[in-house]
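**Student:**
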Amino acid sequence: RKWAAQVNIEGKATHVGYFANEKEAALKYDERAAQMGKPLNFPTAPDQIQAKKSAHRGPYRKRAPKPGDASGDVPADGSPDAASASAAPPEPKKRRLPPDDDAQVPAPSQYVGVSWS
30 RKWAAQVNIE GKATHVGYFA NEKEAALKYD ERAAQMGKPL NFPTAPDQIQ
80 AKKSAHRGPY RKRAPKPGDA SGDVPADGSP DAASASAAPP EPKKRRLPPD
130 DDAQVPAPSQ YVGVSWS
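First residue of the sequence shown: 30, per the numbering used here; consecutive thereafter.
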């Protein structure tokens, strides 16, 4: 696994490449972002803007329950389903642990446009 760099162009992520270390990925991001006048991780000229990393929004946001999930929903005809009324609620899914080689995943990148992949 490596560090990936990507630049957002008109709302679409454009892949820059994979890199062995985080700083190298950030520098390659800067090369592409500078061509488009975007904020940079390492600005070198006075007219360049320093990029600011926003808060992590990641895939771990809570989602609203779907209709019919074990939440006590009643069928459209108003009668409780006999099978689901007597059954115990399903057990939550257990998360699988990553393989040993992935056990040391680094913290999220401090740089804009860089992520662990």
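From the three backbone atoms N, C-alpha and C, an ideal C-beta is built for every residue, glycine too.
1. In whole angstroms, what separates the C-alpha of G123 from that of P75?
2. Taking DSSP's pairing of strands, which residues face K41 in a bridge?
3. Given this structure, state the Cα-to-Cα distance separating A63 from V45, to the nearest angstrom.
4. To test your reading of the DSSP string, which unbroken beta strand (DSSP E) runs of 3 or more residues are found completely within the stretch 52-87?
5. Can you tell me the Cβ-Cβ gap for A33 and A55, rounded? I've got them flagged as a contact below 8 Å.
6. Exposed or buried, K57, counting other C-beta atoms within 10 Å across all chains shown (16 or more means buried)?
7. Consult DSSP for V143 and reduce its assignment to one of helix, strand or coil.
8. Buried or exposed: G66, going by 16 or more other Cβ atoms within 10 Å of its Cβ?
**Tutor:** On the basis of the coordinates in this document:
1. Residue 123 is actually Lys in this sequence, not Gly. Using only the alpha carbons, I get a separation of about 51 Å.
2. In the DSSP output, where bridge partners are listed per residue, K41 has I38.
3. Going by the C-alpha atoms only, they are around 13 Å apart.
4. Inside the stretch 52-87, DSSP marks no whole beta strand (DSSP E) run of 3 or more residues.
5. With a Cβ gap of about 11 Å, A33 and A55 do not count as contacting.
6. Looking at its Cβ environment, which holds 16 or more other Cβ atoms inside 10 Å, K57 is buried.
7. When DSSP states are grouped into helix, strand and coil, V143 belongs to the strand group.
8. Burial check for G66: the Cβ neighbour count within 10 Å stays below 16, so the residue is exposed.
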